[in-house]
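In our numbering, the protein residues as written are 24 to 437.
Backbone N, C-alpha and C define an ideal beta-carbon position, used for all residues, glycine too.
Input: a single structure, listed below in structure tokens.
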């Protein structure tokens, strides 16, 4: 599937291992990557003034910083905002949400396309039967300069999913299990291609989680087929005229891994690696200071509905536990308001944050204190990831996070 998608973008037949100049359908930059891209672009232009090559194919998202991030960050955002407004570039401003989520909500991600983002979790777009991958600021500058970039066509690993989720188990558990099985470098510069009868039991939120976290295994992309689930979703958001891409029956794969999702138990990644994963039931009893529900992995409507089911059934958040809720987009927050979720979270004592990346990467929002233990629905737990190198971050599903919020801890007593 990767070969077909990049062949379209390069306008010539390609096979794994070839390097080609490709024209992305859309390129997205964030306030964390745009300023450096504009610096590089200035060097490319050598003092000449001209706008971006194809502004209608560029999107800027101001999602990594907010008003709590300091004067320097606000200047970076102002520079990105001014450039977007001067050149008619689509701008997702502060509070609109995470760029990746908005690219999917607004119909930019669609079958057959090549989408690149100057943020590593652009792999999320692969849930839409398109090639989504992360790029650097210099690549974004090149796209602004000439509308193209070079890519090496990755070889592919096939992930065959079978069965259906057991109660309390979800896509985040599958993603963590894959990290546990393949390790953080096990799919370096490969495309993970998800297939199998179990796909029928995965909705779009599930698929986005798996595509999103493909990069945590080193993957260049995480790809899903065009099927009835995707077709229904595209119809709901008003995307039509798409070009579905399918893998050939005899397509070569460097490896095939079959996962019976019905046999999985809840997983948890221990500090400070995404692939430091064990069954949650085998974790030692660990007190929790902060529960974080958000990010481009775990900040969607169903994530909050599942968490609230557990919290409201218990009727409480454990004493001395801080629950932080950061919706992935403004539309998700608005849906939470319409359905009463915001009121329920507040009634339980949770802290509601503005839509965006929030505390995930430590650039805005609440930063944990030294020695605090955080269980998070996010995608990374590297040391210092949330802004404090002396905090400990554990990764789990929204369901497991909510249970930890109720109990004030997770794992089993010794």
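Taking a contact as a CB-CB distance under 8 angstroms, the pair residue 229 and residue 193 counts as one, their CB atoms being some 7 angstroms apart. A residue is called buried once 16 or more other Cβ atoms fall within 10 Å of its Cβ, and residue 174 is buried on that count.
For residue 236, the closest of 318, 277, 222 by C-alpha to C-alpha distance is 318. Counting C-beta pairs with one atom in each stretch, the region 323-336 and the region 93-112 have fewer than three that are closer than 8 angstroms, which means they do not touch. Straight-line spacing of the CA atoms in residue 250 and residue 136 works out to 16 angstroms.
Its chain contains 404, 406, 415, 416, 417 as the residues whose beta carbon lies nearer than 8 angstroms to that of residue 294, once the 5 sequence neighbours on both sides are disregarded; these appear in chain order. In this chain, residue 181 is not harboured by any alpha helix (DSSP H); it is covered by the beta strand (DSSP E) spanning 178-185. Here residue 269 is exposed, its C-beta having fewer than 16 other C-beta atoms within 10 Å. Of the residues assessed, residue 222 falls on the buried side of the cut-off, its CB having 16 or more other CB atoms within 10 angstroms. Of the candidates 231, 423, 255, 381, the residue whose Cα lies closest to the Cα of residue 118 is 381. Residue environment: residue 163 is assigned as buried (16 or more neighbouring CB atoms within 10 Å of its CB, all protein chains considered). Our two residues, residue 284 and residue 199, have alpha carbons roughly 12 angstroms apart in a direct line. For residue 51, the enclosing beta strand (DSSP E) stretches over residues 49-53. The region 257-268 makes no contact with the region 174-186, as fewer than three CB pairs between them are under 8 angstroms.
Assigned with DSSP and collapsed to three states, residue 63 falls in helix. Residue 30 and residue 36 have their C-alpha atoms roughly 5 angstroms apart.
Bounds of the alpha helix (DSSP H) holding residue 257 are 251-259. Following the DSSP letters along the chain, one finds residue 345 inside the beta strand (DSSP E) bounded by residues 345-349. Taken through DSSP and simplified to helix, strand or coil, residue 246 comes out as strand. Between the alpha carbons of residue 432 and residue 310 lies a distance of about 4 angstroms. The region 50-66 and the region 148-168 touch, with three or more beta-carbon pairs separated by less than 8 angstroms. In terms of Cβ geometry, residue 218 and residue 248 form a close pair [threshold 8 angstroms]. Around the beta carbon of residue 70, fewer than 16 other beta carbons sit within 10 angstroms, so the residue counts as exposed. Just measuring C-alpha positions, the residue of 138, 210, 428 sitting nearest residue 343 is 428. The way I'd put it, the region 196-216 doesn't touch the region 70-80; fewer than three beta-carbon pairs between them come closer than 8 angstroms. For residue 157, the uninterrupted beta strand (DSSP E) segment begins and ends at 154-157.
Distances from the alpha-carbon of residue 282 to those of 271, 220, 302, 167 put 220 closest. Under the DSSP assignment, residue 283 falls outside any alpha helix (DSSP H), being part of the beta strand (DSSP E) whose first and last residues are 278-283. When the Cα atoms are used, residue 39 and residue 426 turn out to be separated by approximately 44 angstroms.
Per DSSP, residue 387 lies in no beta strand (DSSP E) segment and is marked neither H nor E. Of the candidates 357, 297, 321, 321 places its Cα closest to the Cα of residue 421. Apart from the 5 residues on each side of it in sequence, residue 143 sits with its Cβ closer than 7 angstroms to the Cβ of 157, 238 in its chain, given in chain order. Counting along the chain, the unbroken alpha helix (DSSP H) around residue 124 starts and ends at 122-128. Counting along the chain, the unbroken beta strand (DSSP E) around residue 290 starts and ends at 290-292. Across the structure, residue 202 and residue 413 are spaced so that their CA atoms are roughly 24 angstroms apart.
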